[in-house]
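Report on one structure; see the data block that follows.
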Amino acid sequence: MSDFLVIVESPAKAKTIEKYLGKKYKVKASMGHIRDLPKSQTGVDVEHNYEPKYITIRGKGPVLKELKTAAKKAKKIYLAADPDREGEAIAWHLAHSLDIDIQSDCRVVFNEITKDAIKESFKHPRPINMDLVDAQQARRILDRLVGYNISPLLWKKVKKGLSAGRVQSVAVRLVIEREKEIQAFVPEEYWSIDAEFLKGTESFEGSFYGVNNKKIELTSEAEVQNIMKQLKGNKYKVTAVTKKERKRNAAAPFTTSSLQQEAARKLNFRAKKTMMLAQQLYEGIDLGKEGTVGLITYMRTDSTRISELAQNEAAGYIESTYGVQYLPTEKRKEKKNSNAQDAHEAIRPTSTLREPTSMKDFLSRDQLRLYRLIWERFVASQMAPAVMDTMSVDLQNGDVVFRATGSKVKFPGFMKVYVEGTDDQTEEKNNMLPDLREGDEVFKKDIDPKQHFTQPPPRYTEARLVRTLEELGIGRPSTFAPTLDTIQKRGYVALDNKRFIPTELGEVIHEIMMEFFPEIIDVEFTARMEQDLDNVEDGKTRWVSIIDDFYKDFEIRLKKAEQEMAEIEIKDEPAGEDCEQCGHPMVFKMGRYGKFMACSNFPDCRNTKPIVKDIGVKCPKCEKGNIIERKSKKRRIFYGCDQFPECDFISWDKPLPRSCPKCESLLVEKKLKKGIQVQCVNCDYKEEQQS
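With UniProt numbering applied, the sequence shown covers 1 to 691.
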């Protein structure tokens, strides 16, 4: 008989914790939630204070039976689910199922799964926090009332299998509105004049600034020609030199949102994959002789706070590894997001001393890549700022002024370890200018006027959409990845070149929601709802009042929608060709991965095939076929000849319908981190990068 029974959510977490607690403790896993609202009905009694009807989840009977048997043998039971609302709710449901007094000291929480943290947490058990439970209940009931009332309407009026939810509907709205912005965008012309200058043998670059020290924006070729006419000769006089020292601070340690964004930028991870790997690192990795250890702190957090113990360990590591000069002179003051719950620490390694290189033999490739990202971000956040020497020089020819700027890393500071990525992948260049003084003369080597056009706002990547949802106060750390996953699974959005585009189905559902349930997709309304849930967690508001305020108006809209919503038939679009198996017309259908062609004689004929897109380029290999766009099994776009298998031409880069002006070979669009580069497949010909 074990003296103590500890219940956690997952077997991996149970295995790690049991090693730390000793023989008197038996640790078992509940495999997530034991109870939930029934799937077959709404499960909320709106007539009696929105009382939820909880049942044991189907398939969890054997797990619950095993837990009850173990509970009868134990002197004391501890509930050690994750340290957030969801974890508190899991503990509450377990307490109900196992007849545990929620006022007793039965709840144990910890932010990291390490020996010291676990042992310390068991010294301070507490009662179950009903404010946290109520906040989770309120979210669950709200989502159930929305989903289980609107979804049947969509099934009846549009088609089966559709759903609507609070956060997912707002996410779809953001994608649709961004697409409308792009479609309505009118490019505006602008010009630049870049020049290469020489000071002795040293060359540097500068750009047109203005006339008579007044900045001028060039918007037409005529304006450019006017400036070019004013330039006389190749001599330029240095009229102003400005030198400054600038400090650059490190990025804060990771929150859930910033981790998902940075993993997308630097590792090309989807949000779902990032959270799956982070869960594994948190729950514990077998480190051989050291045993199973949680390598990072809890991965669902919106706080950038760091414990003093972790700060001190990091400071010792930084001083011994890089030198005392890399330690900051004062402690970092974290800016608290107004939407942040700040329930626990930022995401960090449980020990700075576990360097990524020492973890190589114990982690999978992707686990190691994510761990390195978390470790480097945290260590850099505890280091001294970088110091940059910056220099700005004005170069004058007559009344025309060019300006050259440069910067150089004087002291790398945190940049020695890590530099935060950006969505446009721009990087700070180390391009210090020559030693220039006022009155010096430099010579123009080359000058290059260029025409440009303003670009529409970019489509949302997963990283951009997560950041936008967070900035708007939509959702919380635990909701970002599931939300992005859901809107793709439902077919409301699709990924094109890693960017979200709305589908026809998504636009239809959005229009319905806009007409009949505008508050559900209203950004401010949804953000206020998140704040209300935070107030429940803080004990400032009763959860029933929040549900009641919402449901009164929602019920009226629901009745109106049931009466007035017209049936919408999403007709299959003819594909313009016949089925080669039965002769019936082929049609376009919407699937999980976007549009595809299928036989209209379904289910008698189940012939399907991918949509082939002709890009208007003749095959450079066989010169008979046309190049078409295809997709690999992993949904990656590539280009091949339509005469395959007779012709095996293939290219990952998009071929262009024009030839190289230098050697007349094939030109392709090569996708780089900073944009698109048109280049020749045969020679060194390249064109200006497009953003």
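Ideal Cβ placement from N, Cα and C applies to all residues, glycine included.
Ser392 is bridged by DSSP to Thr242 and Thr405. Where Gly323 is concerned, there is no enclosing alpha helix (DSSP H), because DSSP gives it neither an H nor an E. The closest CA to that of Ala252, considering only Glu507, Thr329 and Pro385, is found on Pro385.
Excluding sequence positions up to five before and after Phe4, its CB lies within less than 8 Å of the CB of Leu21, Lys24, Tyr25, Lys26, Ala74, Lys75, Lys76, Ile77 and Tyr78, all in the same chain and listed in chain order.
Burial is judged here by how many other beta carbons sit within 10 angstroms of a residue's own beta carbon; Ser303 has at least 16 and is buried. Around the beta carbon of Met383, 16 or more other beta carbons lie within 10 angstroms, which makes this residue buried.
Non-local beta-carbon contacts of Tyr54 in its own chain, meaning distances under 6 Å to residues more than five positions away in sequence, involve Arg35 in chain order.
From the listed residues Tyr551, Gly421 and Glu88, the smallest Cα separation to Val46 is found for Tyr551. With a beta-carbon spacing of about 12 Å, Lys613 and Met597 fall beyond the 8 Å limit used to define contacts. Residue nearest to Glu504 within the set Leu472, Gly439, Lys571 and Asn497 is Lys571 (criterion: CA-CA distance). In this chain, the alpha helix (DSSP H) harbouring His510 covers Glu504 to Phe516. Contact annotation, Ala250 with Leu373: C-beta distance approximately 14 Å; criterion of less than 8 Å not satisfied. Between the beta-carbon of Phe122 and that of Pro83 there is about 14 Å, and that puts the pair past the 8 Å contact cut.
Annotation for Pro655: the continuous beta strand (DSSP E) segment containing it runs Lys654 to Ser659.
Counting only residues of its own chain and dropping the five nearest sequence neighbours on each side, Pro412 has a CB closer than 8 Å to the CB of Ala386. With fewer than 16 neighbouring CB atoms inside 10 Å of its own CB, Lys214 falls in the exposed class. Setting aside the 5 residues that flank it on each side, Phe500 is surrounded in the same chain by Val175, Arg459, Tyr460, Leu465 and Val493, each with a C-beta closer than 7 Å to its C-beta; the list follows chain order. Per DSSP, the beta bridge partners of Gln451 are Trp191. Apart from the 5 residues on each side of it in sequence, Leu469 sits with its Cβ closer than 7 Å to the Cβ of Ala171, Gly475 and Phe480 in its chain, given in chain order.
A residue is called buried when at least 16 other Cβ atoms come within 10 angstroms of its Cβ; Lys654 meets this threshold and is buried.
With contacts defined as CB atoms closer than 8 Å, Ala463 and Leu433 fail to qualify as a contacting pair. Looking at Tyr209, Lys498 and Ala81, the one whose alpha-carbon comes closest to that of Ile17 is Ala81. Around the beta carbon of His124, a 10 Å sphere encloses fewer than 16 other beta carbons of the protein chains shown; the residue is thus reported as exposed.
Within its own chain, the residues whose Cβ lies closer than 7 Å to the Cβ of Ala315, once the five positions on either side in sequence are excluded, are Leu327 and Gln382, listed in chain order. Taking C-beta atoms as the reference points, Ile182 and Pro457 count as a pair closer than 8 Å.
By the criterion of a C-beta distance shorter than 7 Å, Ile568 is surrounded in its chain by Lys157, Val158 and Val508, once the five residues flanking it on both sides are discounted.
Shown here, Thr292 sits in a strand according to DSSP, grouped into three states.
Remark: three or more beta-carbon pairs, one from each stretch, lie closer than 8 Å, so the region 232-243 and the region 435-445 are flagged as touching. Shown here, Leu666 sits in a strand according to DSSP, grouped into three states. Taken through DSSP and simplified to helix, strand or coil, Met586 comes out as strand. Using a 10 angstroms sphere on the CB of Ser257, the tally of other CB atoms reaches 16 or more, which defines it as buried.
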